[in-house]
Amino acid sequence: MVVGRFPPTSQCGAATICCTSGQIMLYSTHSVCSFTMEARMRTVARLKLGYYPLPSEEGSRLRRILQLPVESASVLDPCAGTGAALLQITEGENVVRYAVELDASRAQACQEAGINTIHGNLFDVQAKSGSFSLLYLNPPYDSEVASSGNKRMELRFLQKTFRWLVLGGVLVMVVPHGQLEGCTDLLADAFTGFQVLRLSDPESVRFDQVVLIAVRARIKDTDYERNREQLISAIWTGSMPILTGSEAPYMIPPTTMVEIQHRGLPLDEIEDLVLSSSAWAKVRPYVLPREEASVGRPITPLHGGHVGLLCTAGLLNGVFGSGEDRHIARWRTVKYVTTFEEKIEGYTEIHKRERFSNELALVYEDGRTLILTDEKKKEKRDDAERTSPARAA
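Going by full-length UniProt numbering, 252 is the number at position 252 of the sequence shown; the sequence numbering is gapless.
Structure representation (structure tokens):
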């Protein structure tokens, strides 16, 4: 494996070329930086299942500008988490709360909070158009993974749910500022009375969150462009106002109770039952084969070479010794990578040399640990990379 570096140029800055297994890869430092920032955000989002709960201070401010009716109203949070945000923005009112949540533990917490909760994928849920008075939408901050398209989840959640709002119903949408632009066409075609406000809580500032509030309406073709221009102006205004809770209130219309249905598979229930199924009993030996244990006494005494081979193969792992010397022994194969540089005609070639060796890890009864390798301590080189325990053979 050879890794080389090109000198900086005015077009792309410094670049790195890597050649391994017959493939050549060229990386520009500029593109790597931008990809790294986006990938870091996406990784965090996926670890949280895209879940970024609304800070309670922001929920209190939103509550003050939502004027709920005296009559009953049905309200929905299609990405509810524990339901805390929906409870807070409708606190003290005569409403019927509905929620959809993918995560099992959060869905249970939502149900226990008194919210009619569906545990499952929103895209397997069905409801009648014009059913809800209020739609609180804080969707996952990520992109879908599909064969083509790969739309942002903010847009996909809005496309799925906006028709469920009654005419005059209110949409409250919490998203990163930069992701609103991808929703402008749909919003301008189905909503009016736009207001975009920046959230000031430190956690909201960290993810550049804003809240868009709009009213469901029928938009004439002649009014679409004007409506869209007003929306874009609100999104990209030079000094976006901050949500304070003193803004003009939004009047939310009354609605009756709603029937929503989940048409998807109960994946958690299937996962619990599959272990006791006959299908799993047939498949298990292939996907989880039993580890073969070599036992018995050899026919002839083992020589030193035989013992060494058995050790490095992991067949002599186990508990040995007695008293203070009682210990667990485990052998493993380790790959060492040594890096060295070579100057050639003004360029630097970085070479990596790989070799495989074995090491023995000992854990004593009194807590002592020891790792034995083929090198003496003073001979170990600082520039050698070593396989992590998780990836070792």
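Note that the Cβ used here is the ideal one computed from N, Cα and C, for glycine as well.
Taking 9 Å as the threshold (C-beta atoms), are A234 and L171 in contact? no
How many angstroms separate the CA atom of Y191 from the CA atom of I242? With the sequence shown as reference, residue 191 is identified as Phe, and Tyr is not the correct amino acid for it. Roughly 22 Å separates the two Cα atoms.
E93: which of T348, Q67, Q111 and E112 sits nearest, CA to CA? Q67
So, with DSSP's three-state summary, where would you put W164? helix
Could you give the uninterrupted runs of the alpha helix (DSSP H) lying entirely in the segment 232-298, keeping only those of 4 residues or more? 267-274 and 278-287
Smallest Cα separation from I219: which of R228, S131 and L212? R228
Compare the Cα-Cα distances from D103 to each of R97, Q111, H119 and V96 and report the closest residue. H119
Would you kindly check if the distance between the Cβ of M257 and the Cβ of E196 is under 9 Å? Strictly speaking, residue 196 in this sequence is Val, with Glu absent from that position. Contact: no.
Nearest candidate by alpha-carbon position, reference N116, set Q261, K160 and L302: Q261
Rounding to the nearest angstrom, what Cα-Cα distance links T373 and N358 in this structure? 7 Å
If we call anything under 9 Å between Cβ atoms a contact, is S129 one with V96? no
Status (buried if at least 16 other CB within 10 Å, exposed otherwise) for N138: buried
In whole angstroms, what separates the C-alpha of E259 from that of F123? 16 Å
For the beta strand (DSSP E) holding R330, just list the boundary residues, first then last. H327 to I344
So, with DSSP's three-state summary, where would you put T82? coil
State the DSSP-derived secondary structure class of A217, mapped to helix, strand or coil. coil
Give, in chain order, every unbroken run of the beta strand (DSSP E) that is at least 3 residues long and sits entirely within the segment 108-188. 116-119, 132-137 and 165-176
For Q88, which option in P289, C110, S105 and S72 has the closest C-alpha, if you only look at C-alpha atoms? C110
To which residues does DSSP link T348 through a beta bridge? K343
My guess is that L180 and V210 are in contact by the Cβ rule of under 8 Å, so how many angstroms apart are they, rounded? 7 Å
My output table needs one value for residue 397: the three-state DSSP class, helix, strand or coil. In the structure displayed, the chain extends from 1 to 393; residue 397 sits before or after that span and is not available.
Taking only three categories from DSSP, how would you classify S322? coil
Would the beta-carbon of H177 fall within 9 Å of that of R198? yes
Taking the straight line between their C-alpha atoms, what separation do you get for D221 and G169? 21 Å
Inspect the beta-carbon positions of L362 and H327 and report whether they are closer than 9 Å. yes
What would DSSP say about T373, mapped onto helix, strand or coil? coil
DSSP three-state label for L26, please. Confidence is the limiting factor: at L26 the pLDDT is only 35, short of 50, which leaves the residue's position unreliable, though a coordinate-based value still follows. Reduced to three states, the DSSP call for L26 is strand.
Could you check how far apart the C-beta atoms of P249 and P69 are, in whole angstroms? I think they sit under 8 Å. Rounded, the Cβ-Cβ distance is 12 Å, inconsistent with contact.
Shortest alpha-carbon distance to L165 belongs to which of E203, T255 and P53? T255
Per DSSP, what kind of secondary structure is E101 in: helix, strand or coil? strand
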